[in-house]
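Below: one structure, written as structure tokens.
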Amino acid sequence: MAKKCYLSYHEIDRFKNHAGLQRHETSKHSTYNLLPNHIQQIPESELCHLKDAIIKELQKRLKNHHRAVGKQVFSLHCSENAFVGLFGAYITRYSLCGSFYICSFKGENAIEIIESIFNNNWYKRNYGNGQLSFVRLYIPEEQDISKIDNKKQCSNKNSKPKKYKSKLFPNNKMIIEWRITGFKDKANYEYRAGMLQIRFFLD
Ligand SMILES: [Zn+2]
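Take 159 as the starting number for the sequence shown in my numbering and just add one per residue.
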């Protein structure tokens, strides 16, 4: 059955399948972030529990070892209402077609913004003797290797700019995503639940 994009007001978009519609949405409506109207308010105590659970999982990953530095990912089950209750004001994309949400935090103010959501020490862990492990959300320009390399590349007219690892692997932001995940068994029973996933870079 043909799928229609409900976000394109001036055109009637028809797509053969869900995947085609999802690709269209990602390329044309990647900044759409109006919240759907089925969201219900949940008690403050539930939001506090979700914050505590997120901070606990984050702190577990702020390890004090050079081998632990790098990309970090973890997931927690949480309802759509709880996710929107906590991150609703910071959603950078809502996908109508995929029913998923993305929040992207980066830059010099990101630590304070996230702190205002969690009301807690969330981004660093103290190991004593001045040793700290922390989340990286910002790279000062002079330390950004990809940009330095890029300048060198530009001065050499014959070489094409390379694809940089930093582009494929963002190491200066925190992405918080919510979507339904699950699977079907051979008898077509479905097992699905809402999942929050956090990706960040440990410095
Ligand atoms: Zn559209």
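For glycine and all other residues, C-beta sits at the position ideal for the given N, C-alpha and C. Small disclaimer: the values here were computed from a predicted structure and weren't measured.
Through-space distance from residue j to residue i, alpha-carbon basis
| i | j | result |
| --- | --- | --- |
| G150 | H187 | For the chain, the structure presents residues 159 to 361; residue 150 sits outside this window and is missing. |
| E270 | C163 | 36 Å |
| I272 | V227 | 21 Å |
| K218 | V293 | 12 Å |
| M332 | F358 | 5 Å |
| N195 | N239 | 11 Å |
| H207 | N267 | 25 Å |
| K209 | S203 | 10 Å |
| Y248 | S262 | 8 Å |
| N346 | V242 | 30 Å |
| I200 | R251 | 22 Å |
| H224 | K264 | 23 Å |
| Q289 | S237 | 36 Å |
Other residues of its chain near residue i: CB distance less than 8 Å, five sequence neighbours each side excluded
| i | result |
| --- | --- |
| K161 | R172, F173, K174, N175, H176, G178, L179 and C255 |
| E215 | F232, L234 and I356 |
| S291 | L220, K221, N222, A226, K282, R283, Y285, L360 and D361 |
| D343 | Y349 |
6 Å CB neighbourhood of residue i in its chain, flanking five on each side removed
| i | result |
| --- | --- |
| R350 | I338 and G340 |
| E335 | I260 and Q355 |
| L326 | Confidence at L326 is low in this model, with a pLDDT of 44, below 50, so the placement of that residue should be treated as unreliable; the coordinate-derived value is given next. There are no such residues. |
| N329 | F359 |
Residues bridged to residue i (per DSSP)
| i | result |
| --- | --- |
| N284 | L290 |
| E335 | I260 and Q355 |
| Q199 | Answer is none; Q199 lacks a bridge partner. |
| G340 | R350 |
Proximal residues to residue i (C-beta, below 7 Å), its chain only, five neighbours per side dropped
| i | result |
| --- | --- |
| I213 | F276, N278 and W280 |
| H235 | A351, G352 and M353 |
| G246 | L193 |
| S133 | Since the first residue of the chain shown is 159 and the last is 361, residue 133 is not available in this structure. |
| N314 | Here N314 scores only 47 on pLDDT, less than 50, and its place in the model is too uncertain to base an answer on. |
Continuous alpha helix (DSSP H) stretch holding residue i: start and end
| i | result |
| --- | --- |
| G243 | E238 to F245 |
| I271 | A268 to F276 |
| Q180 | H176 to K186 |
Beta strand (DSSP E) segment containing residue i, residue limits
| i | result |
| --- | --- |
| S257 | Note, S257: premise wrong, no beta strand (DSSP E); not H, not E. |
| A351 | E348 to L360 |
| K209 | That residue, K209, is in no beta strand (DSSP E); its alpha helix (DSSP H) goes E202 to R219. |
| V231 | G228 to H235 |
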